[in-house]
Structures are given as C-alpha cells and as structure tokens.
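Q:
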Amino acid sequence: MNHEEAKITLRRLLDLRYVGVLATSKADWPYANLVAFAVSDNLFEMIFATPRQSRKYENLSANPHVSVLIDDRSNDIADLKDAVAATAIGTAVEVDGSEKKRCLAVYATKHPHLHDFAHAATTAVFRITVEKYIMVSRFQNVVEIVP
Numbered sequence: 252m253n254h255e256e257a258k259i260t261l262r263r264l265l266d267l268r269y270v271g272v273l274a275t276s277k278a279d280w281p282y283a284n285l286v287a288f289a290v291s292d293n294l295f296e297m298i299f300a301t302p303r304q305s306r307k308y309e310n311l312s313a314n315p316h317v318s319v320l321i322d323d324r325s326n327d328i329a330d331l332k333d334a335v336a337a338t339a340i341g342t343a344v345e346v347d348g349s350e351k352k353r354c355l356a357v358y359a360t361k362h363p364h365l366h367d368f369a370h371a372a373t374t375a376v377f378r379i380t381v382e383k384y385i386m387v388s389r390f391q392n393v394v395e396i397v398p
C-alpha cells in the first residue's frame, strides 16, 4: 500500500469506526479504555469526552501523551491477514470556551446519541493533536502518515 492509498484507507477506517482504544499513562503502566471518538476533516485532530471522575482523566492530567488504536477487526481468524489497524500518536488537552464548542460540534456529527453525556458539567472534552498515524495492514505492511 502506497502513501496515498494509506491515507484513503485511514480516512475510511476513521469514518466507519465509532470507538477506539485510548492508551494513557500516569506513571509506569499504560491504561487502555474504549472511547467514542471523532476526527477533524484533516484527520489530525481527534475529539473524545470522558468523565472528570475517571482514571483516564487523572492520567491525562498528569501526562498528556496518548495513543489511540482504531481497527476494523471482526474477531475472526482472517483478521491476521485482512484487518487494518491505525495507531494515532499525539498529545491530548482538555478544551474549553470556543474551542470546546468547536470540538463538540465535530463530536456531535459522529455521536449525536452522546449529546447529553458530552455536554454534562461532569464531562471533560479533549482534543488530541495527532503527530502521526502508524497504520498496519496485511499483518506487517506498516505505513506512517504525518500531517
């Protein structure tokens, strides 16, 4: 897969998947959670929401470096050769004010069913600035996609 094909595949993957695996770390051990995410048009901003009373929020407050895994596996043996996975590597910041409003608009487009959760006073909205995606297909074909 060449770079242009990889970008098209990445766009399709990010558009079709609603949930990814967010990895955070406060100290020594990574912590992984499922998160509903949305991406900006240019793919290099990811938005997610989380309760402020959560381990993920605590970890993000201590260390903003994150990764998010998005994949199209179906839990079938064929996934070893057919699945595509992309890992977004970046820095997460809690947004507020007009930036929060902008991010919530992006998030609402993909997750209208999460409106009440995303707008709750107890929920924090984060924007990840993605430094790069590492996409793996056919089990060992690796492509890096940068802005």
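Here our numbering runs 251 ahead of the position in the sequence shown, where the first position is 1.
Cβ coordinates follow ideal geometry from the N, Cα and C atoms, glycine included.
In three-state DSSP terms, what is N310?
A: helix
Q: Let me check understanding here. Comparing Cα to Cα, which of R378, D292 and L365 lies closest to S349?
A: R378
Q: Assuming contact is defined by CB atoms lying nearer than 7 Å, are K277 and A313 in contact in what I supplied?
A: yes
Q: Please report how far the alpha carbon of T374 lies from the alpha carbon of K307, in whole angstroms.
A: 12 Å
Q: Given A287, which residues of its chain have a CB within under 7 Å of its CB, disregarding the five upstream and five downstream residues?
A: Y269, V270, F299, H362 and L365
Q: By the three-class DSSP mapping on this structure, what secondary structure does P281 have?
A: strand
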